[in-house]
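Quick notes on the structure that follows.
In my numbering, the protein residues as written are 48 to 297.
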């Protein structure tokens with residue numbers, strides 16, 4: 048595992064902070080001992096002063112002795128305060144403080160020595176997880192911005208799309224209209240052609256029937272005329288000529 052400068056700095060900071068807390072806890076006894084010595088010296092001076100002042104109240108008639116005792120009490124109190132200030136830090140307390148500092152240095156070294164890799168690994172893992180989460184958030188933000196831009200583009204082009212769709216419908220309607228008109232003209236032409244053909248057929252049929260009727264009428268009229276004008280001899284003569292023509296053709 049490769050440690051960066053940030054990992055080393057984090058390890059050192061954690062070790063120093065922990066050692067500093069331990070030092071504060073351990074040096075609490077040293078400060079308490081110094082305060083206790085100072086309070087002991089001060090309480091001694093206060094007890095001498097209280098004894099003297101109490102005796103002065105009981106022997107008020109001896110003014111000069113009371114004044115002397117008061118002066119002696121003040122001197123004892125001043126001496127006690129000076130003694131307390133002089134004996135605030137003893138040799139043992141100084142050595143105790145030095146030992147605490149040495150313990151602090153040793154503890155810091157041990158923490159850095161044995162907890163450096165685990166703490167650095169934890170910090171690195173945490174850093175990587177935070178970086179991965181940040182990258183994931185960045186990717187989601189980019190995707191959200193992309194979708195938002197797409198929706199904005201769609202909304203901005205909605206009017207244009209609606210106009211284009213309407214134009215397409217109109218063009219399709221015009222095309223269908225032209226197609227329907229063309230089909231109607233073609234159907235009309237077909238109907239007209241069929242009607243003309245039917246009329247021609249009927250005319251031809253009527254003409255044929257008329258010709259047949261006229262021919263039949265002509266034949267009948269000819270027969271009637273012949274019957275009225277021909278005698279028996281002409282009748283036999285026509286039959287003979289007809290038979291001769293038939294024989295000649297065959």
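Ideal Cβ placement from N, Cα and C applies to all residues, glycine included.
One Cα belongs to residue 145, the other to residue 138, and the distance between them is close to 11 Å.
As the crow flies, the alpha-carbon of residue 170 is around 18 Å from that of residue 182.
Residue 137 sits in coil when the DSSP states are folded into three classes, being neither helix nor strand.
Straight across, the Cα-Cα distance linking residue 233 with residue 248 is about 22 Å.
Burial of residue 155 is indicated by the presence of at least 16 other C-beta atoms within 10 angstroms of its C-beta. Cβ-Cβ distances below 8 Å link residue 208 to nothing in the same chain once the five nearest sequence neighbours on each side are left out.
In the three-state reduction of the DSSP assignment, residue 150 falls in the helix class, which pools H, G and I. In this structure, the alpha-carbon of residue 177 lies about 14 Å from that of residue 168. The DSSP-derived three-state label of residue 204 is coil. The C-alpha of residue 293 is placed about 27 Å away from the C-alpha of residue 258. Within 10 angstroms of the beta-carbon of residue 149 lie fewer than 16 other beta-carbons, which makes it exposed. Within the model, the alpha-carbon separation for residue 226 versus residue 239 is close to 20 Å.
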